[in-house]
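Chemist: Mind having a look at this structure? Questions to follow.
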Amino acid sequence: RRFQRPLDMGCGSGILALAMAKTWRVPVVASDIDPESARVTRLNARQNGVGPLVRAVCGRGYRSQAVARSGPYDLIVANILARPLIKMAGDLVRHLRPARQGGGTAILSGLLARDARWVAAAHEAWGLRLNRTMVHDGWATLVLSR
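Numbering of the sequence shown is given in the numbering used here, commencing with residue 40 and proceeding in unit increments.
Here it is as structure tokens:
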């Protein structure tokens with residue numbers, strides 16, 4: 040599926056944002072609470088030929104003005120630990136494209152397999168549907184949608 044408005048929440052070095060920008064040639068918002076991560080993401084985007092497509096911002100998760108202004112998103116990826124994912128579940132859902140507009144997909148990774156059910160339950164409580172769980176070497180990835 041080709042996504043038009045992706046968000047990389049907790050972007051770190053920006054690898055997921057860069058991959059989305061390169062794959063779909065669409066603007067990507069990449070956000071992290073660490074200013075160094077935002078700086079490194081911008082640098083990596085320029086060095087990989089997608090500088091104009093990747094907007095890396097430093098902010099407090101979904102409360103960042105840049106994140107709020109650019110949504111709603113048809114794809115949100117977040118490669119962060121379980122506890123922050125659970126805490127941000129409601130904010131993620133509020134920034135995911137509503138079903139009446141075609142819905143959106145969330146791909147959550149970076150969580151331990153033993154925590155996957157808690158992360159899934161937190162997002163299901165906000166109305167998302169768990170489509171797939173993948174586990175590899177003790178790490179889990181969840182694909183959810185609405």
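Cβ coordinates follow ideal geometry from the N, Cα and C atoms, glycine included.
1. What three-state label does DSSP hand V65 in the structure shown?
2. Classify M173 as helix, strand or coil using the three-state DSSP reduction.
3. Pick from F42, L169, Q86 and V96: whose alpha carbon is nearest that of G51?
4. Can you tell me where the beta strand (DSSP E) holding T146 begins and where it ends?
5. Identify every residue that forms a DSSP beta bridge with R168.
6. Between T80 and L114, is the Cβ-Cβ spacing less than 8 Å?
7. Starting from the Cα of N87, find the closest Cα among M59, L131 and Q43 and give me that residue.
8. Given 8 Å as the limit, is there contact between the region 68-76 and the region 130-139, that is, 3 or more CB pairs closer than that?
9. Quick check: is the beta carbon of A117 nearer than 8 Å to any beta carbon in chain B?
10. Pick helix, strand or coil for P45, following the three-state DSSP scheme.
11. Using CA coordinates, which residue listed in V158, P91 and R153 is at the minimum distance from D117?
12. Leaving out five residues before and five after D154 in sequence, what residues of the same chain have Cβ atoms less than 6 Å from its Cβ?
13. What residues match up with D154 in a beta bridge as DSSP calls it?
14. Note down, in chain order, each residue of its chain lying with its Cβ closer than 7 Å to the Cβ of D130, except the 5 sequence neighbours on either side.
Modeler: Once the coordinates are examined:
1. coil
2. strand
3. V96
4. The question names Thr, but residue 146 in the sequence shown is Ile. Start and end: T144 to L151.
5. S184
6. no
7. M59
8. no
9. The structure shown has no chain B; it contains just one protein chain.
10. strand
11. Before going further, note that residue 117 is Ala rather than Asp in the sequence given. With distances taken between Cα atoms, A117 lies closest to V158.
12. A121
13. Its beta-bridge partners do not exist; DSSP assigns none.
14. G100 and Y101
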